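S.K.: Structure incoming, see below.
2 protein chains.
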Amino acid sequence: MSEIKIVTAAMLVIGDEILSGRTKDKNIGFVADYLTGMGIDLSEVRIVPDDKDAIVEAVNALRHRYDYVFTTGGIGPTHDDITAESISQAFGVPCEPHPKAMREMAQYYESRNMEFTEARQRMARTPKGAELIDNPISKAPGIRIQNVHIMAGVPQIMQAMMDAIAPTLKGGQKIISQVVDCPYGEGTVGGPLGKIQDNHPDTMIGSYPRYEDGAYSTQIVVRGRDQIAVALAIKDVQNMLKNVML
Amino acid sequence: MSEIKIVTAAMLVIGDEILSGRTKDKNIGFVADYLTGMGIDLSEVRIVPDDKDAIVEAVNALRHRYDYVFTTGGIGPTHDDITAESISQAFGVPCEPHPKAMREMAQYYESRNMEFTEARQRMARTPKGAELIDNPISKAPGIRIQNVHIMAGVPQIMQAMMDAIAPTLKGGQKIISQVVDCPYGEGTVGGPLGKIQDNHPDTMIGSYPRYEDGAYSTQIVVRGRDQIAVALAIKDVQNMLKNVML
Chain R
125 MSEIKIVTAA
135 MLVIGDEILS
145 GRTKDKNIGF
155 VADYLTGMGI
165 DLSEVRIVPD
175 DKDAIVEAVN
185 ALRHRYDYVF
195 TTGGIGPTHD
205 DITAESISQA
215 FGVPCEPHPK
225 AMREMAQYYE
235 SRNMEFTEAR
245 QRMARTPKGA
255 ELIDNPISKA
265 PGIRIQNVHI
275 MAGVPQIMQA
285 MMDAIAPTLK
295 GGQKIISQVV
305 DCPYGEGTVG
315 GPLGKIQDNH
325 PDTMIGSYPR
335 YEDGAYSTQI
345 VVRGRDQIAV
355 ALAIKDVQNM
365 LKNVML
Chain L
125 MSEIKIVTAA
135 MLVIGDEILS
145 GRTKDKNIGF
155 VADYLTGMGI
165 DLSEVRIVPD
175 DKDAIVEAVN
185 ALRHRYDYVF
195 TTGGIGPTHD
205 DITAESISQA
215 FGVPCEPHPK
225 AMREMAQYYE
235 SRNMEFTEAR
245 QRMARTPKGA
255 ELIDNPISKA
265 PGIRIQNVHI
275 MAGVPQIMQA
285 MMDAIAPTLK
295 GGQKIISQVV
305 DCPYGEGTVG
315 GPLGKIQDNH
325 PDTMIGSYPR
335 YEDGAYSTQI
345 VVRGRDQIAV
355 ALAIKDVQNM
365 LKNVML
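Chains as they are written, first to last, in the numbering used here: chain R, 125 to 370; chain L, 125 to 370.
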């Protein structure tokens, strides 16, 4: 079997408002879809509050373990936006104004007759040595330091930053996914499905129950990086379902 | 100042389908709202794949650190439902059929003329010494072991289990939350808001930008466990906004 390149990522969502329920996260699903589309396995997500120790601990746990880390939230102009300084601390470098960010943001606000306030200048600070991620919507940039990508929490801006980051990422072998709709509940097909999984170790067979109008059905999903392996497992699933129907 | 009781919780979402983007999580927001309503601080969330090592590590990290842990997902009848055995391993106890769960599920399936298959019997296994959490929808129970509550991933069932758990939880002093709508962007009010936060250390002042139709506005949220402290901070925020408008 040829060697398959696996690229992994973690996501860190930063914000009290997500944990209190006040804001419902819309970024996890987007990033999950986006990375899957690039052949990158999102392997872990954490949500932590606007707390420096919590952010430092999570970033350091994740950045050593996965190829890429993506954070959302906490890069605005207010006192509770502490992502840049927390991640500086995680890397053991100072958090300081980035010359290019200062210059471009000063121009941006001047062109709009807006004051480049001290609060707004906070958004030009980065961990020393970091690169900027373009923000075509509201200028205040995202930040890349080593394998950590710091993005906004506002979904429209985060999505634009993801587009700016994408060309710099190395994707892996994409996962192929095929679905078989199954009119039975998991309790009926679970046993045979486990045996099919045992016979196809190079695929990941998942089953997702649906409960609608008082009845269960199941979607059976076969995932894998080898097209033939996925096709063989799908065939076994379909044959199994025919036998259940008999 | 009187002593304030703070109760904390973590949530662990288990499932490949969330990390691949195939399923969009609907449980985090629900649990966040639910716990906030009970005066319990949701302090961390993790999402991990259907992988025993990942589940064991996350459960052990979270259960020692927070008063309560809530997990969702991975308790169905199929081979990829490994939450019960993984959490047994985290606690160092065997995973075995729970007599009450076996009895009640056998009756449930018999009354519906359905076979209590080996796959369905998987759902009656719990860590040794665990208690059952009632599932009024599809019978297969949730599980409580010490401070860890194991719930279904299907939102309707998870929500019913949460209702069953709630009377057993000890809530803390509820957080009071008050919102001030602010017609300016964060960059305008960020500086003064930071000073107000400094003057009101017993409150948490957050600001949440909105970007609609090309214009920014901000919701300023003051949270705290002391009604008077929150009211005083709100007053300072309102006075600040009046001054900005002048």
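Just so you know, even glycine gets a beta-carbon here, dropped at the ideal spot from N, CA and C. The model shown is predicted, which means the values in this text are computed figures rather than measured ones.
With a Cβ-Cβ cutoff of 8 angstroms, do L/T147 and L/E141 count as a contact?
M.R.: Translated into positions along the second sequence, residue 147 of chain L becomes position 23. Translated into positions along the second sequence, residue 141 of chain L becomes position 17. Going by C-beta atoms, L/T147 is nearer than 8 angstroms to L/E141.
S.K.: Excluding the 5 residues flanking L/S301 on each side, which residues of the same chain have their C-beta closer than 7 angstroms to its C-beta?
M.R.: Start at 1 with the first residue of the second sequence, and residue 301 of chain L comes out as number 177. Cβ within range, chain order: V345 and R347.
S.K.: Take R/K176 as the anchor and find which of R/A134, R/D165, R/I352 and R/I211 has the nearest alpha-carbon.
M.R.: Taking the first sequence and counting its residues from 1, the one referred to as residue 176 of chain R is at position 52. That would be R/I211, whose Cα lies nearest to the Cα of R/K176.
S.K.: Would you say L/T327 lies against chain R (beta-carbon separation less than 8 angstroms)?
M.R.: Numbered from its first residue, the second sequence carries residue 327 of chain L at position 203. Closer than 8 angstroms: no.
S.K.: Label R/M396 either buried or exposed according to how many other C-beta atoms from any shown protein chain fall within 10 Å of its C-beta, with 16 as the threshold for buried.
M.R.: Because chain R spans 125 through 370 in this model, residue 396 of chain R falls outside it and cannot be assessed.
S.K.: Which residues in chain L sit within 7 angstroms of R/E141, going by Cβ to Cβ distance?
M.R.: Locating residue 141 of chain R in the first sequence gives position 17, counting from the first residue. Within 7 angstroms Cβ-Cβ: G330 and Y332.
S.K.: What is the DSSP secondary structure of R/R189, reduced to helix, strand or coil?
M.R.: Here residue 189 of chain R is taken as the residue at index 65 of the first sequence, counted from 1. In this structure, R/R189 counts as coil in the three-state DSSP scheme.
S.K.: Could you tell me which chain L residues have their CB closer than 9 angstroms to the CB of R/E168, listed as they occur along the chain?
M.R.: For the purposes of this step, residue 168 of chain R is identified with residue 44 of the first sequence, where counting begins at 1. Going along chain L in sequence order, the residues near R/E168 (Cβ under 9 angstroms) are L143, R170, I171, V172, P173, A178 and A182.
S.K.: Could you work out which residues of chain R lie near L/E242, taking near to mean beta carbons separated by less than 7 angstroms?
M.R.: Position 118 of the second sequence holds residue 242 of chain L. The answer, in chain order, is G315.
S.K.: With a Cβ-Cβ cutoff of 8 angstroms, do L/T250 and L/I267 count as a contact?
M.R.: Here residue 250 of chain L refers to the residue found at position 126 of the second sequence. Here residue 267 of chain L refers to the residue found at position 143 of the second sequence. For L/T250 and L/I267, yes; Cβs fall inside 8 angstroms.
S.K.: Measuring CB to CB, does L/G161 end up less than 8 angstroms from L/G197?
M.R.: As a working note, residue 161 of chain L is residue 37 in the second sequence. As a working note, residue 197 of chain L is residue 73 in the second sequence. No.
S.K.: With contact counted as at least three CB pairs below 8 angstroms, one residue from each stretch, are the stretch 351-368 of chain L and the stretch 316-326 of chain L in contact?
M.R.: yes
S.K.: Please tell me whether R/V345 has its Cβ less than 8 angstroms away from any Cβ of chain L.
M.R.: Translated into the one-based positions of the first sequence, residue 345 of chain R becomes position 221. Cβ-Cβ to chain L under 8 angstroms: yes for R/V345.
S.K.: For chain R, find out if any of its Cβ atoms is closer than 8 angstroms to the Cβ of L/A254; answer yes or no.
M.R.: For the purposes of this step, residue 254 of chain L is taken as the residue at position 130 of the second sequence. No, L/A254 does not count as interfacial toward chain R.
S.K.: Which two residues bound the contiguous beta strand (DSSP E) that contains R/S331?
M.R.: Locating residue 331 of chain R in the first sequence gives position 207, where the first residue counts as 1. That run of the beta strand (DSSP E) goes M328 to E336.
S.K.: If we ignore side chains and look at the alpha-carbon of each, how far apart do L/Y340 and L/A248 end up?
M.R.: Taking the first residue of the second sequence as 1, we reach residue 340 of chain L at position 216. Taking the first residue of the second sequence as 1, we reach residue 248 of chain L at position 124. For L/Y340 and L/A248, the distance between alpha carbons rounds to 52 angstroms.
S.K.: Tell me the DSSP bridge mates of R/Y232?
M.R.: Taking the first residue of the first sequence as 1, we reach residue 232 of chain R at position 108. Beta-bridge pairing links R/Y232 to no other residue.
S.K.: So R/S262 is in the alpha helix (DSSP H); what residue range does that whole segment cover?
M.R.: As a working mapping, residue 262 of chain R is identified with position 138 in the first sequence. Bounds of any alpha helix (DSSP H) do not take in R/S262, whose DSSP letter is neither H nor E.
S.K.: Just verifying my parser: in three-state terms, what is the DSSP assignment at L/G318?
M.R.: As a first step, residue 318 of chain L must be located in the second sequence, where it is residue number 194. DSSP places L/G318 in helix when its eight states are reduced to three.
S.K.: For R/V278, which residues in chain L fall below 7 angstroms Cβ to Cβ?
M.R.: Mapped onto the first sequence, residue 278 of chain R falls at position 154. In chain order: P333 and Y335.
S.K.: Any idea which residues DSSP pairs R/H203 with across the strands?
M.R.: Locating residue 203 of chain R in the first sequence gives position 79, where the first residue counts as 1. Beta-bridge pairing links R/H203 to no other residue.
S.K.: Thinking just about the alpha-carbon of each residue, which of R/D322, R/R236, R/E209 and R/P325 is nearest to the one in R/P221?
M.R.: Translated into the one-based positions of the first sequence, residue 221 of chain R becomes position 97. For R/P221, the nearest C-alpha among the options comes from R/E209.
S.K.: Using a Cβ-Cβ cutoff of less than 6 angstroms, which residues in the same chain neighbour L/I358 once the five nearest sequence positions on both sides are dropped?
M.R.: For the purposes of this step, residue 358 of chain L is taken as residue 234 along the second sequence, with counting starting at 1. Taken in chain order, the residues that qualify are Q302 and V346.
S.K.: Compare the Cα-Cα distances from R/D174 to each of R/A182, R/E168 and R/S167 and report the closest residue.
M.R.: Taking the first sequence and counting its residues from 1, one reaches residue 174 of chain R at position 50. Of the listed residues, the one whose Cα sits closest to R/D174 is R/A182.
S.K.: Would you mind telling me which residues of chain R sit closer than 7 angstroms to L/Q321, beta carbon to beta carbon, in chain order?
M.R.: Walking along the second sequence from the start, residue 321 of chain L turns up at place 197. Near L/Q321 (Cβ distances below 7 angstroms), the residues of chain R are H203.
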